[in-house]
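Counting in the numbering used here, the sequence shown runs from 30 upward without gaps.
First comes the structure, then the notes that go with it.
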Amino acid sequence: MKFRNYLLIAFIGFCVIFSTSKNAFAFSSNNANIPTFNVTLNGILINNINSDYPLLTYKDITYFPLTWDYCRFLGLDCQWDQTSGLTINKTGQCFAYKNQEINSVINNMQTRYSVVIPSYPITINGQKIINNKENWPLINFRNITYFPLTWHFAAELFGWNYTWFEAGGLAISCPGGKSEDSETVLSLINQMAFGQVYSFNASITDLTSNHALSGYKGIHNNYIEYSNFISSINLITNPGTDKVVITGMNEYYQDFYVRKPNIGWGLSCTGVDPTPAQNRGIMPALQNRPESKMIINLLNLHFVGEERDNILSINKSKTDGGISTWKIITKNGTSSDKTIDVQILDSHSKVRSVKINDGSYLYAYEFIGNA
């Protein structure tokens, strides 16, 4: 993306869902993209993947959506009527952030989306905008008006501050803006779950018996496509009991199902007490393939829609060496709540590791390349 002197500042958005007549748009063939760099608004990282109205880039400029909630968050007032069209004014009063993520929406970050250039009247801070004369006109996407973040509008008319960092992306803030660090943590997790390709090392430990320790390596493509990862299972007993080991159980998983048969078995069994490998066999839990469900639990971590409603608390527990550790407590549908510990690499706004304790299993994974 090119930065001119005016520029192109990215951002998400704000305020105005409205109804229009069929003649309200000057339909033309135009395409826009969803930016792949990070965008923070008043210190909150925005998740474009699960938003009905993501930020867009059009003609090398970042555009944001004029939704009601984003306008209030950034100190704007937007009004629409059939006669006056769209009116945008700076208010100077910023309200709290309202999450915009929807679990039924998974935007493809590589797709070019069709947009139209509206012809209805537009007034900004009392100034009439001749949209068809603008180098970067306002556009319409999914029946929402989008605004270009040029220097003139963002800095001169609205008084926003913005910075650009190669690693951190675009940051925009308005005077008096309200920030919530916990929203950035949830956004990082959701973006990773729904749209970012990443490599990982993971394990699942049976907390009720400490017998099972399952290890995983591979690549997670996105929320829809769980594929291309290999499990390697090593079963052990509790300390102080007879040693039971199962090694070399390698399986290739795709879409939660085993696509290749087991490759080799190694069993070492001593003693007569009940163990996972009693009678030189695999314990029934593994025979019944609970791993399909366990893999889903391992990779299905997100906080969009109903999953966000299950959050009981989210707090930063510590910061050490540029890494922040957050503890998230959620309802689990059982007698015990679920505890999720998340490490964030602050300088790069990336998730470094996650541990999920649901009372029965400990799901732990580290993301390769995010350290």
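All C-beta atoms, glycine included, are put in the ideal place defined by N, C-alpha and C.
Discussion item. Going by DSSP in three states, I218 sits in which element: helix, strand or coil?
Written reply: In this structure, I218 counts as helix in the three-state DSSP scheme.
Worksheet item: On the three-state DSSP scale, how would you describe I397?
Response: Secondary structure at I397: strand, using DSSP grouped into helix, strand and coil.
Worksheet item: Helix, strand or coil: how does DSSP classify T213 here?
Response: Under the three-state reduction of DSSP, T213 is assigned to helix.
Worksheet item: Could you give the C-beta distance for N147 and L167, rounded to a whole number, given that I count them as a contact under 8 Å?
Response: The sequence as given places Pro at residue 147; Asn does not occur at that position. Their Cβ separation, rounded to whole angstroms, is 6 Å, which keeps P147 and L167 in contact under 8 Å.
Item to complete: From the DSSP output, in three-state form, read off R141 for me.
Response: R141: coil per DSSP, three-state reduction.
Discussion item. Spatial neighbours of G334 within its chain, please: C-beta separation below 6 Å, excluding the five flanking residues on both sides.
Written reply: Residues N132 of the same chain have their beta carbon placed closer than 6 Å to that of G334, with the five preceding and five following residues left out of the count.
Discussion item. Can you look up Y392 in the DSSP assignment and give me helix, strand or coil?
Written reply: Correct three-state label for Y392: strand.
Discussion item. Tell me which residue opens and which closes the beta strand (DSSP E) that W193 is part of.
Written reply: Residues N190 to F194.
Worksheet entry | F332, buried or exposed, once every other Cβ within 10 Å from all chains shown has been counted against 16 | By the neighbour-count definition (other C-beta atoms within 10 Å, threshold 16), F332 is a buried residue.
Worksheet item: Hey, how far is the Cα of Y99 from the Cα of C203?
Response: Looking at the two C-alpha atoms, the distance is approximately 12 Å.
Worksheet entry | Where L115 falls: helix, strand or coil (DSSP) | Strand at L115.
Discussion item. Does the structure place the stretch 115-125 close enough to the stretch 135-143 that three or more beta carbon pairs sit under 8 Å?
Written reply: No, the stretch 135-143 does not touch the stretch 115-125.
Worksheet item: Whose C-beta lies closer than 8 Å to the C-beta of E212 among residues of the same chain, with five residues either side of it excluded?
Response: Counting only Cβ-Cβ distances below 8 Å, and skipping sequence neighbours, we find I73, L74, Y126 and N128.
Discussion item. Quick check on T91: buried or exposed, where buried means 16 or more other Cβ atoms within 10 Å of its Cβ?
Written reply: The C-beta of T91 has 16 or more other C-beta atoms within 10 Å across all chains shown, which makes the residue buried.
Worksheet item: Skipping 5 residues on each side, what residues in its chain have a beta carbon closer than 6 Å to that of S376?
Response: Excluding sequence neighbours, S376 sits near G351.
Fill in: Whole-number beta carbon distance between K162 and A71, since they are thought to touch under 8 Å
In the sequence on display, residue 71 carries Asn and not Ala. The pair is not a contact, with the Cβ atoms about 32 Å apart (cut-off 8 Å).
Item to complete: Measure from the alpha carbon of G104 to the alpha carbon of each residue in K88, T112 and F124, then state which is nearest.
Response: Considering only alpha carbons, the answer is F124.
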